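Residue numbers (this note's numbering): 12 to 335.
Ideal Cβ positions, reconstructed from N, Cα and C, are used throughout, including at glycine.
All figures in this text were calculated on a predicted structure; none of them were measured in a lab.
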């Protein structure tokens, strides 16, 4: 089979298209891949900067969509079905093996490209907002990086929960993407978005902040929280891991909450079925509709990562592995 393999920890430059044997199914679901997501963890993995550091060479690709070739007894899917899956590694290939509990049917009418960007982003958003953020209907949510894959997923899941959603983005083009995804208001990162958020909430602040950026964005987000607000730490795309003086938490009765969906489901895998059920209900109601950005052929995986690294990408960047 064809696969894009990382041979050196040099970012996109370390990737190479190779031929290699197909994976064994074992007790996993064997999937003929049609499309694969390109994610920020993939980028970090190619640079050796992710918390998980597999030995090279390895095949990146944490999420896929395709058709089941075979499935073990008791799996929730069967041969011939269109599915999407979280793989952690191995997704940038013609064939991948995925855990049954992390493999889900694709909703009717969705393309493989849309489904390829769903599992990690939407499960992360749902886990962050509901499990970790204790989100309630009627609250206000602020989303950073709101035009990207996780950002647009968060907007949609938050809207499905009956909340008001604000977005912070780096350009007018991305503001339009965020509004199209469902954001009520979009603010530019280059402007005084803290004051704008406070004005939009009549001085109260927001109840929940979704922060995959860190650094200065984290520091300023603390100023936007309403009393008993929750700042959800999802990642550090900005590069700097923030620190906080805990007296600031005490004075406003606010929480800083860590969010690591991937690590949590390793400890509690049954949660994935619960989240999948919630997301399916949101999809049926029209809230969940993945925003697909640029689509690259498999052999251009390095260019897809460069697009992500440039911070120019909107929606979910996807690799088309094969037509169908």
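Check                                                                                                                           : Outcome
Helix, strand or coil at residue 338 [DSSP, three-state]                                                                        : Lying before the first or after the last residue shown, residue 338 is absent from the chain, which here runs from 12 to 335.
Reduced DSSP category for residue 326 - H, G, I as helix; E, B as strand; rest coil                                             : strand
Cβ-Cβ separation, residue 289 to residue 137 (assumed contact under 8 Å), whole Å                                               : 6 Å
Candidates 259, 286 and 266, of which the one nearest residue 272 by Cα                                                         : 286
Cut-off 8 Å between Cβ atoms - residues of its own chain near residue 235, not counting five sequence neighbours on either side : 153, 205, 208, 209, 216, 217 and 220
Counted within 10 angstroms of its Cβ, other Cβ atoms place residue 257 as buried (16 or more) or exposed                       : exposed
Validate contact between the region 236–252 and the region 178–187 using beta carbons, cut 8 Å, 3 pairs                         : no
Simplified DSSP assignment, three categories, for residue 317                                                                   : helix
Contact between the region 56–72 and the region 91–105 (3+ Cβ pairs under 8 Å)                                                  : yes
For residue 167 and residue 299, believed in contact at Cβ under 8 Å, the rounded distance                                      : 5 Å
Range covered by the beta strand (DSSP E) that runs through residue 89                                                          : Counting along the chain, residue 89 falls outside any beta strand (DSSP E), and DSSP gives it neither H nor E.
CA nearest to the CA of residue 74, picked from 195, 44 and 313                                                                 : 44
Sub-7 Å separation of residue 67 and residue 140 beta-carbons                                                                   : no
Cβ pair residue 96, residue 114 closer than 7 Å                                                                                 : yes
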